Amino acid sequence: MKLPELFHSKSIEYSEKMQYLCDGMRKLWNRILIIAFVAWMMAACNSHADRESLVAIDSLIMQNPNSAYSVLKAYPTDSLTSDDDHAYYALLTTIADYKTYRPATTDSVINIAVNHYDHDGANLDKRMRALLYKGCVMEELGESEIAIEYYKRAEKVCAPNDDFHIGYICLRKAILYQLAYSDSIPMENYRKAIVYFHNARAKHYESLCHNSIGMIYSRAGNYDLAVKELRQCIALARSINDTLDLCEGYNAMCHTYYGFDLYEKVIAASDTLFKISANVTLPRSSYDIVSISFSKMGCPDSATKYIEMAPKPVVVEDTISYLRSVAELALAKGDIKGYIQNNDRAVNKSDSLLLLGQAEKIRTAEAKYDLAMQEVENLSKQKRLILVISVLSLLVAIVSSIVYFQRKRIAHIKIENEEARNQLSLLKRNLTETESESQKRIVALREQELQLKKMQEDIRLLELGNQEKINAASIEKQLMQTRGMLQSAEVAIAIQTKTRFCLDEILRLSYYSGKYNSDQVIDNESTLELSQDFWKTIFEVVSLKHDNLFERIRQKGVTLTENEKKLLSLCAINIPSAIIRRVLKYKSIQIVSNQKRKLALKATSTSTRIEDIFSEKTSSEHS
């Protein structure tokens, strides 16, 4: 064993021993604390001092929720005689369950506190907390609209100087809005929460908000702002030595770098992530994006290592992540068949998730139907029968329609996208071959240039006669021609390289991009959000390939919209209409065709074929 490895292994062994001792001491302290609390509560009960014991648990619950939960479970509830004590106990029990991540199955317990404090105007703090955690419970039960209602009610009765709870309400609203709406609405709430958490010196929650904002910017394609927010998240986590928050920050940073194809930065950030996450279970995707990054960089051995390190897939999302990493590894090894097989399996798994999502929608519809049935129990039998039959028929029709059209849509989109991806792959292969030939041509031209320069220098060293002067002039002319061809070849390969980058970006997004709901269900008909770097590059390709096309169109007095420039650029590199539809957010391929014709007529005044825009200069020159 090498010396650094030895020191590393000893350090790990020492850390493990210290962690074991710390865990043991923590468990022992919790047991002592619980025993002390229970003994004190028994004495308090004998003294009819339940209120004091509940206040003591309340003070414990934020600092050590696990201990508070254990104390509440051991609490002699028979001693609770007043409605106020019952309500207080119900509130604390709900908070302890929530803080210890125990899933809510009903709102019956928190309702005891809400109903009591709604009629007790003297205790606004407990009323606010009862409303707040009623919202948390309803959020867990999937009742988002009801949860938002209770969060707003809690906000109204919250004390103006209670910065922590105002910030926490803003945070919960932001999370709910993010699941249901666009990113603009939760962004405002996250920003408000940061201000309040900062004032309350709640750095843990402040760090979480910066993490969420960073991921919103990342999804929007704003690299600089995403990295800025995530660095703030990491800095706050480091300042309070919160390993879990630190892992969350670095994990989000890795995924952000991955989203922008910065594979070296993914690997660098992951080194830190894996070092600090010794006692933290990371998601499968954290390992897979590192594996894919190594595959993209041509390091299959390292990619294999991280695939083997990753935990076994548990849910479908893990399987999809695993299949994508294996597919990229196969591609890095030159196994095209393995790449296609595993990638197709990943796509099929994604489609199955979509169907599961539709099944969940059906189950939700059925649940709402059951609730509607309860509301008509007081109607007459005749009216109720008519209503049941009508609602049931409608439900069957809706469910059948959802299943039929969704399956039909998935099949159509799958075929459409697969054909488009095959076209893109063929374009990429042809482009790669052409690029290789251009590289060889550049090498040959550079060799020719060097030979001509040598001949030119040799002639200069000789005493020039008439014949030598003629030879020198001829060589000079050849040299100029060679340099001209070399320049043209370099421009051509620049166009090919930039075009290949555009094709790679679109291909990557066409496989992996999608909208995600709270259940991580992928929508195969989602739009493709391309980065600013992509659009900058493709505009450069069009200008280089077609002699400042946009400027020439402008000089004709024609002003193109941003969307028209994008459409023209995508057509310039032969992107299929099925992909253009997703990129530019058109509802159908027919609309893409219509927009192409309108753009061609606008730019040329004579033709409805978009290809004529690119050939217009050539045609005018010939005429």
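Residue numbers (numbering that gives the first Met the number 0): 0 to 622. Glycine included, C-beta positions come from ideal geometry on N, C-alpha and C. Since this is a predicted model, take the numbers as computed values, not measurements.
Helix or strand or just coil, what does DSSP make of Asp57?
helix
Taking Gln231 as the reference, give the member of Glu142, Leu245 and Asn221 with the closest Cα.
Leu245
I believe Ala201 touches Gly248 by the beta-carbon criterion, under 8 Å. Please report the beta-carbon distance rounded to the nearest angstrom.
Not quite, the Cβ-Cβ distance comes to about 16 Å (not below 8 Å), so this is no contact.
Label Met61 either buried or exposed according to how many other C-beta atoms from any shown protein chain fall within 10 Å of its C-beta, with 16 as the threshold for buried.
exposed
Taking 7 Å as the cut-off, is the CB of Cys570 close to at least one heavy atom of the ligand NAD?
In the structure shown, the ligand NAD is absent, as is every other ligand, since no ligand is present at all.
Output the distance between the C-alpha atoms of Lys535 and Ser576, rounded to the nearest integer angstrom.
21 Å
Please classify Glu610: does DSSP put it in a helix, a strand, or coil?
helix
If I measure Cβ to Cβ from Lys295 and keep anything under 6 Å in the same chain, skipping five residues before and after, which residues do I get?
Tyr262
Only counting the same chain, and skipping five residues up and downstream in sequence, which positions put a Cβ closer than 6 Å to that of Ser284?
Ser320
If you count every other CB in all the chains shown that lies within 10 Å of the CB of Glu610, and 16 or more means buried, which is it?
exposed
So, with DSSP's three-state summary, where would you put Gln62?
coil
Put Ile574 into one of helix, strand or coil per three-state DSSP.
coil
Note the first and the last residue of the continuous alpha helix (DSSP H) segment covering Glu245.
Per the sequence presented here, residue 245 reads as Leu, with Glu not at that position. From DSSP, the alpha helix (DSSP H) with Leu245 extends over Thr242 to Gly258.
So the candidates are Glu187, Ala225, Ile168 and Phe163; which of them puts its Cα closest to the Cα of Ala199?
Phe163
So, Leu529 versus Val582, is the Cβ gap smaller than 8 Å?
yes
In three-state DSSP terms, what is Ser107?
helix
Count the other CB atoms within 10 Å of the CB of Gly213; is the residue buried (16 or more) or exposed (fewer)?
buried
For Val265, collect the residues of the same chain with a Cβ closer than 7 Å to its Cβ; drop the 5 residues on either side in sequence, then sort them by chain order.
Cys253, Tyr256, Tyr257, Ile288, Val289 and Ser292
Near Tyr338, which residues of its chain fall below 8 Å by C-beta distance, leaving aside the five closest residues on each side in sequence?
Ala326, Glu327, Ala329 and Leu330
Any idea what DSSP makes of Asn547, helix, strand or coil?
coil
Tell me whether Lys555 sits in a helix, a strand or coil according to DSSP, three-state version.
coil
Thinking just about the alpha-carbon of each residue, which of His118, Thr76, Val113 and Asn122 is nearest to the one in Leu131?
Val113
With Ser587 as the anchor, note down where its alpha helix (DSSP H) starts and where it stops.
Careful: Ser587 lies outside any alpha helix (DSSP H) and carries neither H nor E.
Alpha-carbon to alpha-carbon, Ala55 and Glu316
43 Å
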